[in-house]
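Trainee:
Numbering (this note's numbering), first residue to last: 567 to 881.
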């Protein structure tokens with residue numbers, strides 16, 4: 567079978583990981599890389615034996631699909647160029663900087679009948695995948711995504727940089743309309759919000775307490791779900807799941823017992839790339855659609871707006 571010609575735009579930290587994963591797949595051939603810093607593109611091109619370009623548009627005509635791993639402000643214009651050319655796109659989160667941009671990208675993808683996947687890597691975390699086999703109706707969710715400070719990612723606030731991962735996971739499992747959002751946040755080391763907390767209420771009655779920080783000494787990436795059927799805790803970084811449920815004991819009383827769930831030892835980014843390539847071949851909808859990317863963006867922007875309003879009250 568003819569190999570899929572892959573292009574990668576943005577050869578930074580994440581773009582290089584995309585290249586590694588594609589190069590390991592027999593059905594793919596890296597046809598070109600693009601980066602506004604030509605030296606980065608040339609270094610990658612030397613390693614993967616492909617074209618190096620400073621202008622991403624010059625990839626059009628020589629690739630079947632692209633991964634886009636550039637700063638958020640460039641997501642919309644670059645993705646638009648490829649989607650309009652009928653090229654399948656894997657676009658790193660967030661889908662865009664605004665809802666209007668997201669809606670236009672989704673509309674173009676539908677019109678051109680191309681695959682448009684948004685890169686929410688935690689959807690492919692094996693602990694989250696395993697959680698999906700036992701998750702019931704969550705009523706309370708608590709998340710902590712805490713990281714040390716890195717310059718990378720500070721083109722956006724911590725909500726679009728980090729918190730949006732958990733917002734996507736919450737929306738994925740709650741599947742209910744957002745009724746209310748309360749949020750606070752502060753800037754510490756950048757000119758944007760670096761620490762944020764949000765309390766989100768859903769029409770189902772579920773409440774989510776979501777915390778994100780990019781100025782913390784140690785890394786913590788955890789999410790906990792409480793529901794009528796039990797308790798589930800995921801450590802994203804360790805890819806571990808603790809799941810407790812209810813059962814009737816020998817005396818007829820309800821007891822708490824551990825759910826024995828296999829968590830496969832898989833690499834989330836590799837699984838994300840495999841899923842994208844699978845959609846390229848089958849032409850089936852991607853695991854994370856443009857619509858889901860838009861929903862997560864909409865909630866993230868609402869959190870950011872609530873923080874802005876809370877800051878105004880304090881000033």
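Cβ coordinates follow ideal geometry from the N, Cα and C atoms, glycine included.
The ligand GDP and residue 775: does any heavy atom of the ligand fall closer than 7 Å to the residue's C-beta?
Mentor: Ligands displayed in this structure: none; no statement on the ligand GDP is therefore possible.
Trainee: What does the Cβ neighbour count give for residue 702, buried or exposed, with the cut at 16 atoms within 10 Å?
Mentor: For the purposes of this step, residue 702 is taken as the residue at position 136 of the chain shown. Residue 702 comes out exposed.
Trainee: Between the alpha carbons of residue 792 and residue 799, how many angstroms are there, rounded?
Mentor: Stepping through the chain shown from its first residue, residue 792 is reached at position 226. Stepping through the chain shown from its first residue, residue 799 is reached at position 233. So the alpha carbons of these two residues sit roughly 9 Å apart.
Trainee: Would you tell me roughly how many angstroms separate the C-alpha atoms of residue 572 and residue 616, rounded to the nearest one?
Mentor: Position 6 of the chain shown, counted from the start, is the residue given in the question as residue 572. Position 50 of the chain shown, counted from the start, is the residue given in the question as residue 616. Answer to the nearest angstrom: the Cα atoms are 10 Å apart.
Trainee: So residue 799 is in the beta strand (DSSP E); what residue range does that whole segment cover?
Mentor: The residue given as residue 799 occupies position 233 in the chain shown. Looking at the DSSP string, the run of the beta strand (DSSP E) that includes residue 799 is 796-801.
Trainee: Have a look at 869, 682, 743 and 644 and flag the residue whose alpha-carbon is nearest the alpha-carbon of residue 884.
Mentor: This structure leaves residue 884 out entirely; the chain is present only between 567 and 881.
Trainee: Would you list the residues sitting across from residue 593 in a DSSP beta bridge?
Mentor: In the chain shown, the residue the question calls residue 593 occupies position 27. Answer is none; residue 593 lacks a bridge partner.
Trainee: Could you tell me whether the Cβ atoms of residue 760 and residue 722 are closer together than 8 Å?
Mentor: Reading the chain shown from its first residue, position 194 is the one you call residue 760. Reading the chain shown from its first residue, position 156 is the one you call residue 722. The answer is no: Cβ separation not under 8 Å.
Trainee: Please report the distance separating the alpha-carbon of residue 810 from that of residue 635.
Mentor: Along the chain shown, read from residue 1 onward, the residue named residue 810 stands at position 244. Along the chain shown, read from residue 1 onward, the residue named residue 635 stands at position 69. Computed Cα separation, rounded: 38 Å.
Trainee: Going by other Cβ atoms of all chains shown within 10 Å of its Cβ, with 16 needed for buried, is residue 679 buried or exposed?
Mentor: As a working note, residue 679 is residue 113 in the chain shown. It counts as exposed.
Trainee: Shortest alpha-carbon distance to residue 709 belongs to which of 764, 698 and 753?
Mentor: What you label residue 709 is simply residue 143 of the chain shown in a count that begins at 1. For the residues 764, 698 and 753, the minimum Cα distance to residue 709 belongs to 764.
Trainee: Express the C-alpha separation of residue 823 and residue 638 in angstroms, rounding to a whole number.
Mentor: Taking the chain shown and counting its residues from 1, the one referred to as residue 638 is at position 72. Taking the chain shown and counting its residues from 1, the one referred to as residue 823 is at position 257. Distance between residue 638 and residue 823, taken at the CA atoms: about 44 Å.
Trainee: Whole angstroms are fine: how far does the CA of residue 770 sit from the CA of residue 625?
Mentor: Taking the first residue of the chain shown as position 1, residue 625 is located at position 59. Taking the first residue of the chain shown as position 1, residue 770 is located at position 204. Roughly 46 Å separates the two Cα atoms.
Trainee: Can you tell me whether residue 629 is buried or exposed? The criterion is at least 16 other CB atoms within 10 Å of its CB, across all chains shown.
Mentor: What you label residue 629 is simply residue 63 of the chain shown in a count that begins at 1. The residue is buried, with at least 16 neighbouring Cβ atoms inside 10 Å.
Trainee: What did DSSP end up calling residue 729 once you bin it into helix, strand or coil?
Mentor: In the chain shown, counting from the first residue as 1, residue 729 sits at position 163. Reduced to three states, the DSSP call for residue 729 is helix.
Trainee: Report all residues from its chain with a CB closer than 7 Å to the CB of residue 747; omit the five preceding and five following residues, and keep chain order.
Mentor: Locating residue 747 in the chain shown gives position 181, where the first residue counts as 1. Excluding residues within five positions, the ones whose Cβ falls inside 7 Å are 764, 766, 868, 869 and 872.
Trainee: Applying the 10 Å Cβ sphere with the 16-neighbour rule, what's the burial state of residue 729?
Mentor: Walking along the chain shown from the start, residue 729 turns up at place 163. By the 10 Å Cβ count, residue 729 comes out buried.
Trainee: Can you round the beta-carbon distance between residue 685 and residue 646 to whole angstroms, since I take them to be within the 8 Å contact cut?
Mentor: In the chain shown, residue 685 corresponds to position 119, counting from 1. In the chain shown, residue 646 corresponds to position 80, counting from 1. Between residue 646 and residue 685 the Cβ distance is about 17 Å, and since that is not below 8 Å, they are no contact.
Trainee: Need the endpoints of the alpha helix (DSSP H) that residue 862 sits in, please.
Mentor: Counted from its first residue, the chain shown places residue 862 at position 296. Unbroken alpha helix (DSSP H) run through residue 862: 856-880.
Trainee: Alpha carbons only, please: which of 736, 802, 594 and 835 is nearest the one belonging to residue 846?
Mentor: What you label residue 846 is simply residue 280 of the chain shown in a count that begins at 1. Ranking the options by Cα distance to residue 846, first place goes to 594.
Trainee: Kindly identify the DSSP beta-bridge partner or partners of residue 848.
Mentor: Here residue 848 refers to the residue found at position 282 when the chain shown is read from its first residue. Partner residues in a beta bridge of residue 848, as assigned by DSSP, do not exist.
Trainee: Go to residue 788, then tell me how far its beta strand (DSSP E) extends in each direction, as first and last residue.
Mentor: As a working mapping, residue 788 is identified with position 222 in the chain shown. Start and end: 786-793.
Trainee: Let me confirm a value: residue 590 is counted as buried when at least 16 other C-beta atoms fall within 10 Å, else exposed. Which label applies?
Mentor: Residue mapping note: residue 590 aligns to position 24 of the chain shown, counting from 1. So residue 590 counts as exposed.
Trainee: For residue 627, is the classification buried or exposed, using 16 other Cβ atoms within 10 angstroms of its Cβ as the cut-off for buried?
Mentor: As a first step, residue 627 must be located in the chain shown, where it is residue number 61. Around the Cβ of residue 627, a 10 Å sphere holds fewer than 16 other Cβ atoms; the residue is exposed.
Trainee: Is the CB-CB distance between residue 863 and residue 661 below 8 Å?
Mentor: In the chain shown, the residue the question calls residue 863 occupies position 297. In the chain shown, the residue the question calls residue 661 occupies position 95. Contact: yes.
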